[in-house]
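Q:
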Amino acid sequence: MKDIDPSLYKLPPQNTEAEQSILGSILLENSAINAAQEIIGKDDFYSEAHRKIFSVIEQLADKNEPVDLITLSNALRDAKTLDSVGGTAYLASLVDNVPSAANVANYAKIVKEKAILRGLIGSATEIINSCYETGSDVDQVLDRAEHRIFEISENKVRTSFYLIKDIVRESFRAIEDLFTRKELITGVATGFDKIDDMTSGLQNSDLIVIAGRPSMGKTAFALNIAQHAALETQTPVAIFSLEMSKEQLAFRMLASEAKVDSQRLRKGFLGETDWPKLTTAAGRLSEAPLYIDDTPAITVLEMKAKSRRLKADRGLGLIVVDYIQLMRAGGYSNSREQEISEISRSLKALAKELKVPVIALSQLNRKVEDRPNRRPQMADLRESGAIEQDADVI
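Next up, the structure:
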């Protein structure tokens, strides 16, 4: 009879003592819950009993009620879970085994690390299973795998729905922070006052579409925003340029930053006063967190993978895509309109996943030129009506 691999009997990563020490620390000193909550949530506990205890502790803390052996025992008894977590005797042992609440943050970090390792194991199992599925698209499998690992690295492993109470708590903290700071611009500043007044800056998770006919200044406008973000606020910016090469973009940005005529720069007709300005501009741009990818006909999956890696390695605060109609969805589509719709949805999903604003440039169709009033309308967006549905700002 073939021996079974002993590794199959391994328990998932856990540290029962650290979990007990967190709970005991909170019972010793109620303020310890704040330090613990900054690092972990109830789902990070491996023991089901500890998850139940921590959940009830959070409920008591939310009501500003004291957390001690008596109040915790009563709350667990009311929830009909006191016996299942070990009874009052077990709660008392949690306090007895912790000499001080001073190390609660260190205990929480240990528990968080074990939770991340369990998440990796679960994700790895999902990835392995998807690799064995017949007919699986390799690019889709890679994207799902990378997405799962990225979530774990960002400590955003989600195993269940979010309770509205937790969401409201975080939102209320954000409102309090905004009230304290009272800043007119809460997102990424564009450098254009009227736009910043209307939008309060480009907000995280928003898809912003800049549309226009060819040669109307879409790229120049987007580059101005990117330069302002990177140079003035040190916001890391990723530019995916499907139309122009990285050298062409560098020429444009140098001319803009140095305030030198781009035509003269391109032809080499520079005056003596231009060189100091160009040197200063080159120095400023060299220090800016600007990252350019000029891969032609890049797919959505490639863009997502590169953006995730950039955010993990160096940080990311804004993405610029020039432009939508030159991208490929990477899958099979019955029509170009369906493909553009898929690209649009994916860009919105990318903004939401990475929690950064995404600026996507888009072409307008020729119908706008056939009207007496050539003012663009959202219906003029080329090849897809899905763009106006997915975009937050146009």
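In my numbering, the protein residues as written are 29 to 422. Backbone N, C-alpha and C define an ideal beta-carbon position, used for all residues, glycine too.
Determine the direct distance from the alpha carbon of Arg105 to that of Gly52, and round the result to whole angstroms.
A: Straight-line Cα distance between these residues: approximately 19 Å.
Q: Residue range of the beta strand (DSSP E) that Phe73 falls in?
A: Looking at the DSSP string, Phe73 is not in any beta strand (DSSP E), and its letter there is neither H nor E.
Q: With which residues is Ser390 paired in a DSSP beta bridge?
A: According to DSSP, Ser390 bridges with Ala239.
Q: With C-beta atoms as the reference, is Ala250 less than 7 Å away from Ile238?
A: Yes, these two residues count as a Cβ contact at 7 Å.
Q: In this structure, does DSSP put Leu51 in helix, strand or coil?
A: Here Leu51 sits in helix by DSSP.
Q: In chain order, what residues of the same chain lie with their CB nearer than 8 Å to the CB of Thr323, ignoring the 5 residues before and after it?
A: Closer than 8 Å at Cβ, skipping near neighbours: Phe268, Leu270 and Glu330.
Q: Put Val349 into one of helix, strand or coil per three-state DSSP.
A: Reduced to three states, the DSSP call for Val349 is strand.
Q: Please classify Pro385: is it buried, with 16 or more other beta-carbons within 10 angstroms of its beta-carbon, or exposed?
A: Buried, since its Cβ has 16 or more Cβ neighbours within 10 Å.
Q: So, are the CB atoms of Arg356 and Ala310 less than 7 Å apart?
A: Going by C-beta atoms, Arg356 is not nearer than 7 Å to Ala310.
Q: Would Leu313 and Met272 qualify as a contact pair, given that the criterion is a beta-carbon distance under 7 Å?
A: Cβ distance not < 7 Å, so Leu313 and Met272 don't count as in contact.
Q: Do you know offhand how far Tyr135's Cα is from Tyr74's?
A: One C-alpha to the other measures close to 14 Å.
Q: Let's test the definition: count the other Cβ atoms within 10 Å of the Cβ of Ile192 and tell me whether it reaches 16, buried, or not, exposed.
A: Exposed is the call here.
Q: To which residues of the same chain is Thr247 closer than 6 Å at the C-beta, ignoring the five residues directly before and after it?
A: Excluding sequence neighbours, Thr247 sits near Asp350.
Q: Could one say the Cβ of Leu318 lies closer than 7 Å to chain B's Cβ atoms, at least one of them?
A: Here chain B cannot be found, since the structure has a single protein chain.
Q: Using a threshold of 7 Å, state whether the C-beta atoms of Lys80 and Thr109 are closer than that.
A: Yes.
Q: Excluding the 5 residues preceding and the 5 following Glu72 in the sequence, name in chain order all residues of the same chain whose CB lies nearer than 6 Å to its CB.
A: The sequence given here places Asp at residue 72; Glu does not occur at that position. So the list reads Val139, Lys140 and Ala143, once near-sequence residues are dropped.
Q: Use the C-beta contact count for Gly345: other C-beta atoms within 10 angstroms, 16 or more gives buried, fewer gives exposed.
A: So Gly345 ends up on the buried side.
Q: Helix or strand or just coil, what does DSSP make of Leu191?
A: Coil.
Q: Thinking C-alpha only, which one of Val288, Arg146, Asp124 and Ile61 is nearest Gln42?
A: Per the Cα distances, Arg146.
Q: To the nearest angstrom, report how far apart Asn125 and Asp96 are at their CA atoms.
A: Spanning the two alpha carbons is a distance of roughly 15 Å.
Q: Exposed or buried, Phe207, counting other C-beta atoms within 10 Å across all chains shown (16 or more means buried)?
A: Classification of Phe207: exposed, given that the 10 Å Cβ count is below 16.
Q: Are the beta-carbon atoms belonging to Lys274 and Ile320 less than 7 Å from one another?
A: A contact, by the Cβ cut-off of 7 Å.
Q: Run through the DSSP bridge pairs and tell me what Leu318 is partnered with.
A: In the DSSP output, where bridge partners are listed per residue, Leu318 has Val265.
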